[in-house]
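Numbering (this note's numbering), first residue to last: 1 to 121.
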């Protein structure tokens with residue numbers, strides 16, 4: 001079997017690590033479940049990114065208004081358009097970084113699962 005990438009090893013949940021002590025097929029199945037969870041997280045982050053994109057477009061059209069309402073935590077806050085745009089853009093950058101990290105984790109997890117299945121065959 002080929003060497004497992006260090007990044008992939010760090011992304012494996014404790015259940016997968018526990019399954020690694022057993023047979024490769026069980027470990028591969030646990031890893032595939034973990035990958036499916038990461039895919040769901042990618043979808044959720046992408047949906048938030050789409051909402052942020054729509055909010056940024058709205059803020060661009062509202063250039064004549066000096067302040068906007070922004071929902072932060074569990075309350076609404078009235079802030080300037082520039083401040084609202086800054087908060088949404090920062091959130092958008094964080095979401096893009098999260099999506100890229102999750103996509104890399106999915107790629108690594110799929111490769112590791114394939115290696116485990118090949119080793120089991």
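All C-beta atoms, glycine included, are put in the ideal place defined by N, C-alpha and C.
The DSSP-derived three-state label of residue 67 is strand. Boundaries of the alpha helix (DSSP H) harbouring residue 38: 24 to 61, taken from the DSSP string.
If you check the CB distance, residue 106 and residue 38 come in under 9 Å.
From the listed residues 67, 101 and 87, the smallest Cα separation to residue 41 is found for 101.
Looking at the DSSP output, residue 116 sits in no beta bridge, so it has no partner there.
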